[in-house]
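Here the numbering used here is used: the first residue of the sequence shown is 1, the next is one more, and so on.
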Amino acid sequence: MEPGDDFVAARRVLQAARSLVALTGAGISAESGIPTFRDAQTGLWSQFDAMALASEPGFRARPERAWDWYAERRAGVQRTEPNAAHRALAAFEQRHPGRLRIVTQNVDDLHQRAGSRDVLRLHGDILRVRWLDPCPLQPACDTDAAAAGRPPRCARCGNLLRPDVVWFGEVLPAAALAAAEAAVARCDALLVVGTSGSVWPAAGLAGLARRAGAQVLIVNRAASEIDSEATQILRGAAAALLPALLAPI
Ligand code: APR
Numbered sequence: 001m002e003p004g005d006d007f008v009a010a011r012r013v014l015q016a017a018r019s020l021v022a023l024t025g026a027g028i029s030a031e032s033g034i035p036t037f038r039d040a041q042t043g044l045w046s047q048f049d050a051m052a053l054a055s056e057p058g059f060r061a062r063p064e065r066a067w068d069w070y071a072e073r074r075a076g077v078q079r080t081e082p083n084a085a086h087r088a089l090a091a092f093e094q095r096h097p098g099r100l101r102i103v104t105q106n107v108d109d110l111h112q113r114a115g116s117r118d119v120l121r122l123h124g125d126i127l128r129v130r131w132l133d134p135c136p137l138q139p140a141c142d143t144d145a146a147a148a149g150r151p152p153r154c155a156r157c158g159n160l161l162r163p164d165v166v167w168f169g170e171v172l173p174a175a176a177l178a179a180a181e182a183a184v185a186r187c188d189a190l191l192v193v194g195t196s197g198s199v200w201p202a203a204g205l206a207g208l209a210r211r212a213g214a215q216v217l218i219v220n221r222a223a224s225e226i227d228s229e230a231t232q233i234l235r236g237a238a239a240a241l242l243p244a245l246l247a248p249i
């Protein structure tokens, strides 16, 4: 088949899908200027120690260092804008209410700022915070009343605030994961965009879709660890491919 035929076939699958799920990773936000995690040279994990910063033991060992790193990433997210890939998914959802559900591993808010409403967050939200420990006092710690600091702490019991993201070694929010698995198990097509497929259980969603009989389309600039689950792979940048793939026929 000519390369163009692959593209036309992919468009047909997406336009025919009555139930479409988009599983997104850091690659969809890369063209907005938010660093990915595992891209060589530019990925965060090539510059920082993931376990020291994105884990509970790492945070407890050096809370200030970890807090500052998340504050820097949060400021980076707030300086960026959704790109054409985020906007293409939001426009598709607006044209076809109820047909598209986004399941994202990303902790930025670019899908939401692009206008997407049906977004399941598997790994949390870098723009939100929560208490590190259960509060021993009643009424419990009040995040609004946290004393200044890096990280801010509860003036009454000393509890620390932490980013509301899923750290390595932590379980995913059960309700979001269950909803994601249910959506993937009944979709006609899963559009996987910009993920290395290296972190479970999110990575397992592609195989779940395939075993349930869905078409699995992978959009990525490079090979991923879940390419074997694809019914079709579209090699390229998300901000270029998604608008063309999802454009109205
Ligand atoms: N268009 C499409 N794909 C891209 C683009 C782009 N412009 N830029 C990068 N990519 C692809 C890379 O080829 C890679 O496969 O995006 C993927 C990014 O992979 P990772 O950096 O591993 O990000 P992700 O898959 O989202 O990581 C999953 O790991 O560190 C944890 O919690 C973190 O949610 C994250 C999870």
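We treat Cβ as the ideally placed atom computed from N, Cα and C, and that holds for glycine.
Distance check between G169 and each of G58, A17 and D5 places G58 closest, using alpha-carbon atoms only.
Note that the C-beta distance between T24 and T80 is not below 8 Å. In the DSSP assignment, V77 falls within the unbroken alpha helix (DSSP H) covering P63 to R79. Going by DSSP, G4 is part of the alpha helix (DSSP H) stretching over P3 to A16.
Under the three-pair Cβ rule at 8 Å, the region 222-232 counts as touching the region 198-207. A residue is called buried when at least 16 other Cβ atoms come within 10 angstroms of its Cβ; V184 meets this threshold and is buried. The three-state reading of DSSP puts V165 in strand, counting E and B together.
A check of alpha carbon separations from R186 across R38, A176 and A17 identifies A17 as the nearest. Short of 7 Å from the beta carbon of W45, and not among the five residues preceding or following it, lie these beta carbons of its own chain, in chain order: F37 and R38.
Each of L160, R62, V216 and A182 was checked against the Cα of G149, and the nearest Cα belongs to L160. Listed in chain order, the non-local C-beta contacts of H86 below 6 Å within the same chain comprise L110, H111 and A114, local neighbours out to five positions each way being set aside. Straight-line measurement puts the Cα of A10 at about 33 Å from the Cα of V165.
Between A244 and N83, the CB-CB gap reaches or exceeds 8 Å. Minimum Cα-Cα distance from A214 among the listed residues W200, L190, A91 and S198 corresponds to L190.
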